[in-house]
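Trainee: Line by line, the protein sequences give chains A and B.
UniProt numbering puts the first residue of the first sequence at 1, with every later residue one more than the last.
UniProt numbering puts the first residue of the second sequence at 1, with every later residue one more than the last.
Handing you this structure, nothing more for now.
Number of protein chains: 2
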Amino acid sequence: MQRLESAPQDFDRVLSSMCTEPHPAARQAAERFLATNPGDPETYQTVADLERDAVELLGTVTGLPEPAGYVTSGGTEANIQAVRIARNRADTDDPNVVVPTHAHFSFWKAADLLGVELRTAPARDHRADTDAMAELIDADTVLVVGVAGSTEYGYVDPIPGLAELAHDADALFHVDAAWGGFYLPFSDHRWHFGHADVDTMTIDPHKVGQAAVPAGGLLARSPELLDELAIDTPYLESTKQVTLTGTRSGAGVASAVAAMEALWPEGYREQYRRSMDNARWLADELAERGYDVVEPELPLVAADVSQPLVEKLRDRGWRVARTGADELRVVCMPHVTRSMLRSFVADLDWY
Amino acid sequence: MQRLESAPQDFDRVLSSMCTEPHPAARQAAERFLATNPGDPETYQTVADLERDAVELLGTVTGLPEPAGYVTSGGTEANIQAVRIARNRADTDDPNVVVPTHAHFSFWKAADLLGVELRTAPARDHRADTDAMAELIDADTVLVVGVAGSTEYGYVDPIPGLAELAHDADALFHVDAAWGGFYLPFSDHRWHFGHADVDTMTIDPHKVGQAAVPAGGLLARSPELLDELAIDTPYLESTKQVTLTGTRSGAGVASAVAAMEALWPEGYREQYRRSMDNARWLADELAERGYDVVEPELPLVAADVSQPLVEKLRDRGWRVARTGADELRVVCMPHVTRSMLRSFVADLDWY
Numbered sequence: 001m002q003r004l005e006s007a008p009q010d011f012d013r014v015l016s017s018m019c020t021e022p023h024p025a026a027r028q029a030a031e032r033f034l035a036t037n038p039g040d041p042e043t044y045q046t047v048a049d050l051e052r053d054a055v056e057l058l059g060t061v062t063g064l065p066e067p068a069g070y071v072t073s074g075g076t077e078a079n080i081q082a083v084r085i086a087r088n089r090a091d092t093d094d095p096n097v098v099v100p101t102h103a104h105f106s107f108w109k110a111a112d113l114l115g116v117e118l119r120t121a122p123a124r125d126h127r128a129d130t131d132a133m134a135e136l137i138d139a140d141t142v143l144v145v146g147v148a149g150s151t152e153y154g155y156v157d158p159i160p161g162l163a164e165l166a167h168d169a170d171a172l173f174h175v176d177a178a179w180g181g182f183y184l185p186f187s188d189h190r191w192h193f194g195h196a197d198v199d200t201m202t203i204d205p206h207k208v209g210q211a212a213v214p215a216g217g218l219l220a221r222s223p224e225l226l227d228e229l230a231i232d233t234p235y236l237e238s239t240k241q242v243t244l245t246g247t248r249s250g251a252g253v254a255s256a257v258a259a260m261e262a263l264w265p266e267g268y269r270e271q272y273r274r275s276m277d278n279a280r281w282l283a284d285e286l287a288e289r290g291y292d293v294v295e296p297e298l299p300l301v302a303a304d305v306s307q308p309l310v311e312k313l314r315d316r317g318w319r320v321a322r323t324g325a326d327e328l329r330v331v332c333m334p335h336v337t338r339s340m341l342r343s344f345v346a347d348l349d350w351y
Numbered sequence: 001m002q003r004l005e006s007a008p009q010d011f012d013r014v015l016s017s018m019c020t021e022p023h024p025a026a027r028q029a030a031e032r033f034l035a036t037n038p039g040d041p042e043t044y045q046t047v048a049d050l051e052r053d054a055v056e057l058l059g060t061v062t063g064l065p066e067p068a069g070y071v072t073s074g075g076t077e078a079n080i081q082a083v084r085i086a087r088n089r090a091d092t093d094d095p096n097v098v099v100p101t102h103a104h105f106s107f108w109k110a111a112d113l114l115g116v117e118l119r120t121a122p123a124r125d126h127r128a129d130t131d132a133m134a135e136l137i138d139a140d141t142v143l144v145v146g147v148a149g150s151t152e153y154g155y156v157d158p159i160p161g162l163a164e165l166a167h168d169a170d171a172l173f174h175v176d177a178a179w180g181g182f183y184l185p186f187s188d189h190r191w192h193f194g195h196a197d198v199d200t201m202t203i204d205p206h207k208v209g210q211a212a213v214p215a216g217g218l219l220a221r222s223p224e225l226l227d228e229l230a231i232d233t234p235y236l237e238s239t240k241q242v243t244l245t246g247t248r249s250g251a252g253v254a255s256a257v258a259a260m261e262a263l264w265p266e267g268y269r270e271q272y273r274r275s276m277d278n279a280r281w282l283a284d285e286l287a288e289r290g291y292d293v294v295e296p297e298l299p300l301v302a303a304d305v306s307q308p309l310v311e312k313l314r315d316r317g318w319r320v321a322r323t324g325a326d327e328l329r330v331v332c333m334p335h336v337t338r339s340m341l342r343s344f345v346a347d348l349d350w351y
């Protein structure tokens, strides 16, 4: 009981998370719709309608006028389902999926689950290298993946070039914009359905979209792609289910709609500007101190701060993560303010 | 916006759902912990501790003194993961899973995902038939499944007998008590880790446990079984992840703990009595009217009310479901009161 009464979470030293505090409208909607289940749409009709609204709004964000899709438990489910669509649609006994080396670890989870071979191409300057990707693609390739806002560096792969590669090989093309999707519309990147021949996409309202967890997003260019996922549901009033999970969170769905209605587009644009400025400011401060900094492309900063120093910052309560190359990694989420970063840099200077 | 402001859900005519209104303590905990992510335990430490409490409490409910496990997105994830553990642990290229025909449709989802063959044995009197199950088991059987509280009839399979079958074949044994798990402790059934050599179990706090969605449960007799699910997590502060999803709902975890702390065991016992009495009352009322009723074993009533009549009841706002055999199916969840059922029967009489 005691633990339930303790403070659930302070965000004032969290620099490691790709989640954030939900927008007040998103929190309110999550609380209102807590006892609903979009997994049973005939029983819970209001939230089922809201899910259609959520998918429409996600289509608006990603340049897809008639989107198919649903609100997932998160980016991992959406990535797994994209691999599953491609595997089920293809006609091969030995399917493989080609990803850049910086793809999210959920693709390894998907490979284990789905029994597909994962082929990883080395990156160049933290972005997918089209030539290296092309070398791995063959007749058994069912899916090519591009990342729009990588987990480790926030970098954007050359999406139009990768889409071409995929379709030349008759494979599907998936974009993982789980984290980046609500920052990218305000950047110059070419990343979405309107920019390239993208088949499926992951974009998570519960990250930069400022919805409450769990609200991930899977989008597909056409409903036929989702049909690859359909399982019969004998006892529900509805008869087919394409989602990975069964019972699902109405709180997540409602809060996704509430966040997008409150923030799209001007609120998100303003957030992008503020977070990008913060990232550039932190990158400059770290560079001035002699650290090797990966120039931020989206609001995420990586720098070669030594592990012993990172441990000391953790002891002072900072939640910071690291890249695979053991760099310090700071994710500039909406809750990360300039004053938090000033205080972080002051602690860094103190050691 | 309008839709967000409409009433999220009335439960006063919902007889079809296996979810219910969360207990007030569960709702409060869900709201407090809305912005936490147990999928990132080093960043969100309080909720990670709460998840350990949840697993301990689930162990208490299911006769497992040192439980391994975690809070899943729901029963589907838990069932998928049980199949995945068995598949990954076994040494066969052609794995199969033996389930009774009334197993939940999530096992079909698991079979598609995981590339295992699903073998379904006919039931006898709505329960798994041990002989029929035995006939399907062979050297490639990696998992045998028993259901403790079936989705369609609420019946309980002969768990100890099925456990023996499984272990004689060196397969794992999984019990799906997703719905029944919080009613069964107060019945005479033999269904849990203390009654038989069960390896893994699904038991969902967000159903009869009265937690908020999403709070399912996967339990395992030993942590080594969960290791079969481990995937490296390069960028998190923790380094391994066994869950199917990545980011997860802290609201679900906290509300599971709150519900179990508030209700175990006396509150759940009282709920079992009330719901079982309601089910028996409804079964009697329907039988008196000449319907063929499946005698309820747990608080779930099925009866051969004709489909046109069921459609009329739906038109009057009743949310009712059907079995695979097209029977009317009424799930006596905690929100289903005697007066709701009286009003339902009155509507039935009206037609």
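C-beta atoms are modelled at their ideal positions from N, C-alpha and C, and glycine is treated no differently.
As the structure is a computational prediction, the values presented were derived from the model and not from experiment.
1. In chain B, which residues lie with their C-beta within 8 Å of the C-beta of A/Val257?
2. When the cut-off is 8 Å and only beta carbons count, does B/Ile203 lie next to chain A?
3. Report the partner residues of A/Glu266 according to the DSSP bridge assignment.
4. Which residue's Cα is closest to the Cα of B/Cys332: B/Gln9, B/Pro8, B/Ser6, B/Met18?
5. Can you find a C-beta in chain B that's less than 8 Å from the C-beta of A/Glu117?
6. I want to know whether the stretch 324-331 of chain A touches the stretch 53-60 of chain B - three or more CB-CB distances under 8 Å.
7. So A/Thr46 contacts chain B; which residues on that side make the cut at Cβ distance below 8 Å?
8. Under 8 Å, with one C-beta from each stretch per pair, do the stretch 290-301 of chain A and the stretch 142-157 of chain A reach the 3-pair mark?
9. Comparing the C-beta of A/Arg27 with each C-beta of chain B, is any distance below 8 Å?
10. Along the chain, which unbroken stretches of the beta strand (DSSP E) at least 3 residues long are found entirely within the stretch 81-137 of chain B?
11. Using a Cβ-Cβ cut-off of 8 Å (strictly less than) and excluding sequence neighbours within five positions of A/Arg89, which residues of its own chain qualify?
12. Is B/Glu66 near the ligand NAD, with its Cβ less than 7 Å from a heavy atom?
13. Along the stretch 316-334 of chain A, where does the CB come closer than 9 Å to a CB of chain B? Name the residues.
14. What residues are listed by DSSP as bridge partners for A/His174?
15. Select from A/Tyr351, A/Ala78, A/Arg280, A/Leu300 the residue whose C-alpha is nearest the C-alpha of A/Glu311.
16. Between the stretch 55-68 of chain B and the stretch 258-267 of chain B, can you find at least three pairs of beta-carbon atoms closer than 8 Å?
17. For residue 352 of chain A, which residues from the same chain have a beta carbon less than 6 Å from its beta carbon, with the 5 sequence-adjacent residues on both sides left out?
18. State yes or no: is the beta carbon of B/Asn37 nearer than 8 Å to at least one beta carbon in chain A?
19. Give me, in chain order, the residues of the same chain whose beta-carbon lies closer than 8 Å to that of B/Ala134; leave out the 5 immediate sequence neighbours on both sides.
20. Please confirm whether A/Thr101 and A/Ala123 have their CB atoms less than 8 Å apart.
21. How would you write the range of the beta strand (DSSP E) that B/Gly63 sits in, first residue to last?
22. With burial defined as no fewer than 16 other Cβ atoms inside 10 Å of the residue's Cβ, what is the status of B/Glu288: buried or exposed?
23. For B/Gly39, which option in B/Lys240, B/Arg342, B/Glu270 has the closest C-alpha, if you only look at C-alpha atoms?
24. In this structure, how does DSSP classify A/Thr72 when only helix, strand and coil are distinguished?
25. Pick helix, strand or coil for B/Gln28, following the three-state DSSP scheme.
26. For B/Arg89, return the contacting residues in chain A, with the cut-off set at a CB-CB distance below 7 Å.
27. Which residues mark the beginning and the end of the beta strand (DSSP E) in which A/Leu328 is found?
28. Would you please verify whether the beta carbon of A/Gly74 is less than 8 Å from any beta carbon of chain B?
29. Spell out a yes or no on whether the stretch 339-350 of chain A and the stretch 250-261 of chain A are touching, meaning 3 or more CB-CB pairs, one atom from each, closer than 8 Å.
30. Give, in chain order, every residue of the stretch 140-165 of chain A whose Cβ lies closer than 7 Å to some Cβ of chain B.
31. So what does DSSP say about B/Leu34, is it helix, strand or coil?
32. Is the CB of B/Arg32 under 8 Å away from at least one CB in chain A?
33. What residues are listed by DSSP as bridge partners for B/Val294?
34. Who pairs with A/Leu4 in a beta bridge, going by DSSP?
35. Just to make sure I have the definition right: I need the residues of chain A whose C-beta is within less than 7 Å of the C-beta of B/His192. Which are they?
36. Can you tell me whether B/Val345 is helix, strand or coil according to DSSP?
Mentor: The answer reads as follows:
1. Those are Arg3, Leu4, listed as they occur along chain B.
2. Interface criterion not met: the Cβ of B/Ile203 is under 8 Å from no Cβ in chain A.
3. A/Glu266 pairs with nothing; no bridge assigned.
4. For the residues B/Gln9, B/Pro8, B/Ser6, B/Met18, the minimum Cα distance to B/Cys332 belongs to B/Met18.
5. Under the Cβ criterion of 8 Å, A/Glu117 is not counted among the residues facing chain B.
6. Too few Cβ pairs lie closer than 8 Å, so no.
7. In chain order: Arg3, Ser6, Ala7, Pro8, Gln9.
8. The stretch 290-301 of chain A is in contact with the stretch 142-157 of chain A.
9. When Cβ-Cβ separations below 8 Å define contact, A/Arg27 makes contact with chain B.
10. Scanning the stretch 81-137 of chain B from its first residue to its last, the whole beta strand (DSSP E) runs of 3-plus residues come out as 96-100, 117-121.
11. Result list for A/Arg89: Val142, Leu172, Leu225, Glu228, in chain order.
12. Inclusion of the ligand NAD in the displayed structure is not the case, the ligand content being empty and no account of it being possible.
13. Residues of the stretch 316-334 of chain A whose Cβ lies closer than 9 Å to any Cβ of chain B, in chain order: Arg319, Val320, Ala321, Arg322, Thr323, Gly324, Arg329.
14. Note: A/His174 sits in a beta bridge opposite A/Val145, A/Thr200.
15. Nearest option by C-alpha distance: A/Tyr351.
16. The stretch 258-267 of chain B is in contact with the stretch 55-68 of chain B.
17. No answer is possible for residue 352 of chain A: the residues shown for chain A start at 1 and end at 351.
18. Chain A places a beta carbon closer than 8 Å to that of B/Asn37, counting this residue as a contact.
19. Counting only Cβ-Cβ distances below 8 Å, and skipping sequence neighbours, we find Leu165.
20. Yes, these two residues count as a Cβ contact at 8 Å.
21. The continuous stretches of beta strand (DSSP E) do not include B/Gly63, and DSSP gives it neither H nor E.
22. It counts as exposed.
23. Closest option to B/Gly39, Cα to Cα, is B/Lys240.
24. Three-state DSSP puts A/Thr72 in a strand.
25. It is helical.
26. Within chain A, no residue has its beta carbon less than 7 Å from that of B/Arg89; the closest one is some 13 Å off.
27. Residues 328-331.
28. The Cβ of A/Gly74 sits closer than 8 Å to at least one Cβ of chain B.
29. The answer is no - the stretch 250-261 of chain A does not touch the stretch 339-350 of chain A, with fewer than three Cβ pairs under 8 Å.
30. Result list: Thr151, Glu152.
31. It is coil, neither helix nor strand.
32. At least one C-beta of chain A is nearer than 8 Å to the C-beta of B/Arg32.
33. Beta-bridge pairing links B/Val294 to B/Ala302.
34. A/Leu4 is not bridged to any residue.
35. Contact annotation for B/His192 against chain A: no contact, minimum CB-CB distance about 22 Å [criterion: below 7 Å].
36. The DSSP-derived three-state label of B/Val345 is helix.
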